[in-house]
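Taking the numbering used here, the leading residue of the sequence shown gets 15, the next gets one more, and so forth.
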Amino acid sequence: MQRLAPHIARGAAVLSWLACAGFGIAFVVLATIGIVRWYTPVPHADMWDGYVDSLMRISQGHYSVWWAQHNEHRIILARLLFWIDLHVFGGNAVFLLVANYVASGFSFLCLLVILKSATPDDRHNRARRTLSFVLLAMMFSWTQAENFTQGFQIQFLLAQLLPLAAFCALCIHSQSGRLAVFALSGLVGAASAGTMAAGLVVLPMLCFLSVVLRLGWRKTSALAVLSALIFYAYLRDYASVPGHGSLTETMLHHRFDLLRFTLIYLGSPLYYMSGRSGLLIPQIAGLALIAGALVFTYQVWKKPSYGLQPAPVMFMIYVGAMAFATAGGRLIFGLEAATQSRYVTPAMTAWACLLILGAPAAARRMSRRPAASMLWIVVPLALWPWQKQALQRPDDFQFESEIAALALELGVRDEKQVGLLYPSVDRALAVAGVPIERNLMIFGSPKIRDARELIGRTVQGRNRASLEPCLGALDASSAIPGDPRYVSVRGWILDRGSGRVPQVVHFVDQEGKIVGYGLSGQPRPDAAARSGFAAYVLSDALAKKLTLRGVDPDCNLPAELR
Numbered sequence: 015m016q017r018l019a020p021h022i023a024r025g026a027a028v029l030s031w032l033a034c035a036g037f038g039i040a041f042v043v044l045a046t047i048g049i050v051r052w053y054t055p056v057p058h059a060d061m062w063d064g065y066v067d068s069l070m071r072i073s074q075g076h077y078s079v080w081w082a083q084h085n086e087h088r089i090i091l092a093r094l095l096f097w098i099d100l101h102v103f104g105g106n107a108v109f110l111l112v113a114n115y116v117a118s119g120f121s122f123l124c125l126l127v128i129l130k131s132a133t134p135d136d137r138h139n140r141a142r143r144t145l146s147f148v149l150l151a152m153m154f155s156w157t158q159a160e161n162f163t164q165g166f167q168i169q170f171l172l173a174q175l176l177p178l179a180a181f182c183a184l185c186i187h188s189q190s191g192r193l194a195v196f197a198l199s200g201l202v203g204a205a206s207a208g209t210m211a212a213g214l215v216v217l218p219m220l221c222f223l224s225v226v227l228r229l230g231w232r233k234t235s236a237l238a239v240l241s242a243l244i245f246y247a248y249l250r251d252y253a254s255v256p257g258h259g260s261l262t263e264t265m266l267h268h269r270f271d272l273l274r275f276t277l278i279y280l281g282s283p284l285y286y287m288s289g290r291s292g293l294l295i296p297q298i299a300g301l302a303l304i305a306g307a308l309v310f311t312y313q314v315w316k317k318p319s320y321g322l323q324p325a326p327v328m329f330m331i332y333v334g335a336m337a338f339a340t341a342g343g344r345l346i347f348g349l350e351a352a353t354q355s356r357y358v359t360p361a362m363t364a365w366a367c368l369l370i371l372g373a374p375a376a377a378r379r380m381s382r383r384p385a386a387s388m389l390w391i392v393v394p395l396a397l398w399p400w401q402k403q404a405l406q407r408p409d410d411f412q413f414e415s416e417i418a419a420l421a422l423e424l425g426v427r428d429e430k431q432v433g434l435l436y437p438s439v440d441r442a443l444a445v446a447g448v449p450i451e452r453n454l455m456i457f458g459s460p461k462i463r464d465a466r467e468l469i470g471r472t473v474q475g476r477n478r479a480s481l482e483p484c485l486g487a488l489d490a491s492s493a494i495p496g497d498p499r500y501v502s503v504r505g506w507i508l509d510r511g512s513g514r515v516p517q518v519v520h521f522v523d524q525e526g527k528i529v530g531y532g533l534s535g536q537p538r539p540d541a542a543a544r545s546g547f548a549a550y551v552l553s554d555a556l557a558k559k560l561t562l563r564g565v566d567p568d569c570n571l572p573a574e575l576r
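This is the structure in structure tokens:
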């Protein structure tokens, strides 16, 4: 049995590596599938102000919008990517989702470089490879789904990637002495301020890191001057955001909850890994992360020349500062706000840094006891239940989003429907005005484009009587409290001849005029797949005899509204 023990241990190590490799690849594949399945070209939430309104104002000559605040942030880099998405790719947000994916990939590559530096010994190859796949799973974990599925979140991902890259570059410069790498570190540090407000602290942290690495007063002074210039430019004309909390006030009156929010933020990956079983576990995890950061900060201070180790330490401090600042502004929304999916990305990356910092000790232990490498499987295994959620199809979400966009195109003040996209229907209608007029973004889609102009027009094309009959029914019609001009109609439709679902639905009166417009695509378990539709019909047409006309493929169905 003793002779078999080494072979069993090595077999366990190989099995651990294979399992982690399988998990890592599966996480990337599932994240890709999830991004595709959750895709919608309809802007949501912050995209209306930060993307749609900003780019429309810039197109009208208001170039100061490039530097204008979005909440507390000056999202210059994100706006540049928004501009590319609109003017190069038509504003369908696909480019932004790809950018989100690529940013996560580059964050993983940065972590991989740090891991290689932390475990340079060839005897640690297997442990390094195993941990690299664990890091891959963490970077593409679906616990941060919001940052994968919303194009606007590119600014959040850049706010993690650029600081990490800046810290890495300065550490590499301290070893190589190449001035180009030093300049790159300062440039990326300055660019970090153009991601989110938290990026402002990156240059001061680079100054501190320069002191720790003993780079000399000239380089430290250069970073300090650049930091001062960025701070001056950023804070000039800066205005506090109404409706958000104040860090100073929160520190004075809600110190304990401020601490709890910060800990929950830092421990948010464990919140999901534990099955969202309460806020105690993430608070304990947050304390553990802080404790680990303090231990390695002490090590770096005592021995600053240890490879790239200072980079993950500085990043963990950066994430801690981000969590604290976020707590000051978002505590008014409750402690649960700290568990939002978008906040998992910085916390997850900080935990990845902690694992890397502990990798040398773990690798040494695994070289003596290879079976101990099986412990790495715990991380992707705990994240796996959430990763499988990427396979879910958010069909209702996508369909209802398109109907909300249709309401904006038609100018219908449907507070409930438009509220799925933006909290204020009046603001959404105002912001959507220019892209509707220019047929941009979702309003350039063939299914929605110029729908408002079709209302009241006579149907063109084939004689209505010659069209094939549709299968279908009207399920319900309801008044719209905010707009008496229209009623909301729901039902299902299917072309009998081809078995296909018409893409667009017109309600046509006896005179051949279009008095209602709708879209299909809602899943219907009681009828053909995606045959459900929603439409807006003029209230004045309720008393008339109407025909429901499917478009692409074309078919007719008598309709009676009450």
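The C-beta atom is built at its ideal place from N, Cα and C for all residues, glycine as well.
* To do: Leaving aside the five residues before and after Glu-423 along the sequence, list all residues of the same chain whose C-beta is less than 7 angstroms from its C-beta, in chain order.
  => Ile-450, Phe-457, Ile-462, Ala-465 and Arg-466
* Asked: If you compare alpha carbons, which of Ile-346, Ala-487, Leu-284 and Thr-561 is closest to Met-3?
  -> For the chain, the structure presents residues 15 to 576; residue 3 sits outside this window and is missing.
* Give the range of the beta strand (DSSP E) segment to which Trp-398 is assigned. => That residue, Trp-398, is in no beta strand (DSSP E); its alpha helix (DSSP H) goes 392-401.
* From which residue to which residue does the beta strand (DSSP E) around Val-239 run? -> Membership of Val-239 in any beta strand (DSSP E) is not indicated; the residue belongs instead to the alpha helix (DSSP H) covering 231-249.
* Asked: Would the stretch 407-426 and the stretch 525-540 be scored as touching if the rule is three or more Cβ pairs under 8 angstroms?
  -> yes
* To do: Pull up the CB-CB distance for Ala-366 and Leu-125, whole angstroms please, since I reckon it's below 8 angstroms.
  => Between Ala-366 and Leu-125, the beta carbon gap of about 5 angstroms places them in contact (Cβ cut-off 8 angstroms).
* Closest residue to Asp-271 among Gly-348, Tyr-252 and Ile-49 (Cα-Cα distance) -> Gly-348
* Asked: According to DSSP, what are the bridge partners of Lys-527?
  -> Thr-472
* C-beta atoms of Thr-209 and Leu-240 nearer than 8 angstroms -> Taking a C-beta distance under 8 angstroms as the contact criterion, Thr-209 and Leu-240 do not qualify as a contact pair.
* Among all the DSSP beta bridges, which residues are the ones paired with Cys-484? -> In the DSSP assignment, Cys-484 forms a beta bridge with Asp-509.
* Asked: Nearest to Ile-49 by alpha carbon, out of Ser-155, Trp-81, Ala-541 and Val-225?
  -> It is Ser-155.
* To do: In the DSSP assignment, find the unbroken beta strand (DSSP E) run with Phe-347 in it and report its ends.
  => Run containing Phe-347: none; DSSP gives neither H nor E here.
* To do: Please report the residue range of the alpha helix (DSSP H) in which Leu-201 lies.
  => 193-206
* Nearest-angstrom Cβ-Cβ length linking Asp-410 and Pro-537, presumed shorter than 8 angstroms -> About 7 angstroms separates the two Cβ atoms, so the contact holds.
* Measure the beta-carbon distance from Ala-117 to Leu-44 and round it to whole angstroms, keeping in mind my assumption that it falls under 8 angstroms. => That pair is no contact at about 18 angstroms.
* Between the Cα of Gly-289 and those of Leu-178, Ser-235, Ile-128 and Thr-353, spot the shortest distance and give me the residue it belongs to. => Thr-353
* **Where Leu-178 falls, given that 16 or more other Cβ within 10 Å makes a residue buried** => Answer is buried; the Cβ neighbour count reaches 16.
* Asked: Taking one C-beta from the stretch 28-47 and one from the stretch 394-412 each time, how about it: are there three or more such pairs within less than 8 angstroms?
  -> yes
* To do: Give the DSSP-derived three-state secondary structure of Asp-60 in the structure shown.
  => coil
* So Leu-435 and Ala-442 are in contact, right, with Cβ under 8 angstroms, and what is the actual spacing, rounded? -> 6 angstroms
* Do the CB positions of Met-328 and Leu-223 come within less than 8 angstroms of each other? -> yes
* Asked: Taking the Cβ atom as the reference point for each residue, do Val-439 and Gly-496 lie within a distance shorter than 8 angstroms?
  -> yes
* Who pairs with Gln-536 in a beta bridge, going by DSSP? -> Gly-546
* Asked: Is the distance from the Cβ of Ala-212 to the Cβ of Ala-339 below 8 angstroms?
  -> yes
* To do: Would you mind reading off the limits of the alpha helix (DSSP H) that contains Ala-179?
  => 168-190
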